[in-house]
Amino acid sequence: MPAAVLISGGGTNLQAFIDAVGDGSLALDLRVVLSNEAGAFGLDRARRAGIETRVIEHRGFPSREAFDTALVETLETFQPGLIILAGFMRILTPVFIDAFVGRIMNIHPSLLPKYPGLHTHQRAIDAGDAWAGSTVHFATAELDGGPRIIQGRIPVLTADSAESLAARVLAVEHRIYPEAARLFAAGRLVYRDGRAWLDGNVLDEPLQYC
Ligand code: GRF
């Protein structure tokens, strides 16, 4: 299945995809890595892996919709069956979502529906949560709000800072995100009528990865 990965930064999740495709455990054709930041280290990871890269800097556009239109035009030339948002730090409008509805996945570093938006780890620590984690979901126009696919959870330790928690959550992300893509590429996971379906059944609760 042809796929595109959108990044803004370091790209460790992108690296997890590159590695899974490389070792034959994930049947994706990573056709392009697109970043809104020219300096994103993830672009180097893509180049090293021989994947085409594109940079579309959001700053040059008058509106989110104009930026999204440029993203759509570029991505359509690669005909992606799956679009993987991997640390892509832009809010996407319906211009983008509607062009690829049902084919866009995002990963968010919290146990959604808890803590959409930013600073998720600090918010979990401040709330005294026993568990933190990450969620892969289909992207919709609602920020971090689309149907959930899989979650990985880890205990919050007394000594945790936002940084230490983030590092452990990231390691979980590298397992659950390729797993979600594996199910999608195999045709077992689909998005229909605003919901996620696995093997023909509505996925009311996300899969749990421990
Ligand atoms: C991850 O924590 C992901 O959940 C969030 O952005 C971060 C991306 O990290 N959306 P990386 O660039 O993949 O290392």
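For our numbering, add 752 to where a residue sits in the sequence shown, where the first one is 1. Glycine included, each C-beta is placed from N, C-alpha and C at the ideal position. As the structure is a computational prediction, the values presented were derived from the model and not from experiment.
Under the three-state DSSP convention, the category threonine 826 falls into: helix
Glutamine 960 (DSSP reduced to helix, strand or coil): strand
Reference isoleucine 835, options Val921, Glu957 and Ile859, closest by Cα: Per the C-alpha coordinates, the member of Val921, Glu957 and Ile859 positioned closest to isoleucine 835 is Ile859.
Contact test: serine 886 Cβ vs the ligand GRF heavy atom, cutoff 7 Å: yes
Whole-angstrom distance between glycine 812 and valine 888, CA atom to CA atom: 30 Å
Own chain residues within Cβ distance below 7 Å of glycine 897, not counting five before or after: Pro868
Status (buried if at least 16 other CB within 10 Å, exposed otherwise) for histidine 871: Here histidine 871 is exposed, its C-beta having fewer than 16 other C-beta atoms within 10 Å.
Cβ-heavy atom distance, asparagine 765 to the ligand GRF, below 7 Å: yes
Glycine 802 Cβ short of 7 Å to the ligand GRF heavy atom set: Checking the Cβ of glycine 802 against the ligand GRF gives no.
Separation of glycine 802 from alanine 937, as counted between CA atoms: Approximately 21 Å, taken between the alpha carbons.
Neighbourhood of arginine 940 by C-beta distance below 7 Å, restricted to the same chain and skipping five residues each side: Cβ within range, chain order: Leu950 and Asp951.
Those residues which DSSP pairs with leucine 786 across a bridge: According to DSSP, which records beta bridges pairwise, leucine 786 is partnered with Leu758 and Arg806.
C-alpha gap between leucine 909 and glycine 762, whole angstroms: 25 Å
Any C-beta of chain C under 8 Å from that of threonine 910: The chain labelled as chain C is not found in the depicted structure, where only one protein chain is given.
Paired residues, beta bridge with tyrosine 943 - DSSP: Ala948
For threonine 872, the first and last residue of its enclosing alpha helix (DSSP H): Residues 872-878.
Boundaries (first-last residue) of the beta strand (DSSP E) holding glutamine 903: 900-907
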